[in-house]
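Those letters in the sequence shown? Residues 1 to 250, by the numbering used here. Have a look at the structure below before the remarks.
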Amino acid sequence: MKGKHESYLDKSNLPDHIAIIMDGNGRWAKRKGIDRLSGHREGMKSVRTVVNAARELGIGFVTLFAFSEQNWHRPKSEVHALMELLKQFLIKENSRLLENGIKLNAIGRLRELPPDVNQVLNDTIELTKNCNMLTLTLALSYGGREEIIDAVKKIVSSGNLASHDVNELSFSQYLYTVDLKEPDLLIRTSGEFRISNFLLWQLAYTEIYVTKTLWPDFRRRHLIKAILNFQNRERRFGLTSDQTRKRKVR
């Protein structure tokens with residue numbers, strides 16, 4: 001259902017790529033006196049709602065920070081439960097993704113995922129590879145520093161780049177996100193003002209929006225509010241205001 005603020009959206013100035021740090025599942029569960037896993041389950045509902053809303057609005061790309069490289073250090077029981085929850089989510093959602101034209105993508109050290117999870121993930125990616133309404137990227141076993149380190153290792157091992165050939169463009173070809181444009185908008189839920197090792201290279205000129213709303217409570221109206229905030233900003237990309245205006249005129 002469309003909220004009262006949605007009519008104010010400028011459909012010609014939508015962010016093409018929205019990245020989201022989905023934070024607050026544990027705190028949401030704690031406030032309600034229930035187990036953490038229930039918070040993660042409720043967070044899955046927000047994923048479904050927000051991705052569908054983004055598709056309906058015409059957003060081209062959504063990237064979700066689903067499981068960090070550092071999350072492997074959580075208690076084994078919680079990690080196992082999260083992996084099982086991820087697998088079940090993919091199994092339940094694959095037909096819905098296909099029906100809605102949503103292409104699934106994944107970035108991170110995916111080899112570290114359990115084999116059964118990796119299989120379901122790859123099956124869903126293959127199933128939706130021709131969808132073109134929206135690309136949903138899950139960052140799994142992901143870390144921004146780890147991504148940069150892995151890129152450097154690829155460059156060194158390939159031997160394809162001499163030092164004088166290394167620049168921003170050539171380096172970005174070795175990142176996990178080689179097929180994605182950089183995010184226009186980063187949304188972080190739960191009120192934390194940090195990017196938590198997420199897309200360190202790609203967020204250089206991304207607009208950041210922080211909301212105190214915990215992820216399990218995040219719905220379409222919250223997404224609209226974030227986009228409206230984005231549309232009220234002047235994106236400078238390191239330029240002065242005058243340079244930005246000249247750039248727009250051209």
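Yeah, the Cβ is synthetic: ideal placement off N, Cα and C, and Gly gets one too.
query, result
"Rounded C-alpha distance that separates G108 from N229", "29 Å"
"Close Cβ partners of E146 (< 7 Å) along its chain, the five nearest in sequence each way excluded", "E69, R109"
"Simplified DSSP state of A53, which is helix, strand or coil", "helix"
"Separation of N118 from I59, as counted between CA atoms", "27 Å"
"Unbroken alpha helix (DSSP H) run spanning N25, endpoints", "25-31"
"Cβ separation of I21 and T189, assumed to be a contact under 8 Å, to the nearest whole Å", "7 Å"
"Touching by the beta-carbon criterion (3+ pairs, under 8 Å), the region 49-65 and the region 129-143", "yes"
"Integer Cβ distance of G24 from R36, believed to fall under 8 Å", "At roughly 11 Å, the Cβ-Cβ gap does not stay under 8 Å, so G24 and R36 are not in contact."
"Which listed residue (E78, I227, P216) has its alpha carbon closest to that of D10", "I227"
"I18: first and last residue of the uninterrupted beta strand (DSSP E) it sits in", "17-21"
"Inter-stretch contact (C-beta, 8 Å, three-pair minimum) for the region 201-208 and the region 177-193", "yes"
"Beta-carbon proximity of S170 to V178, cut-off 8 Å", "no"
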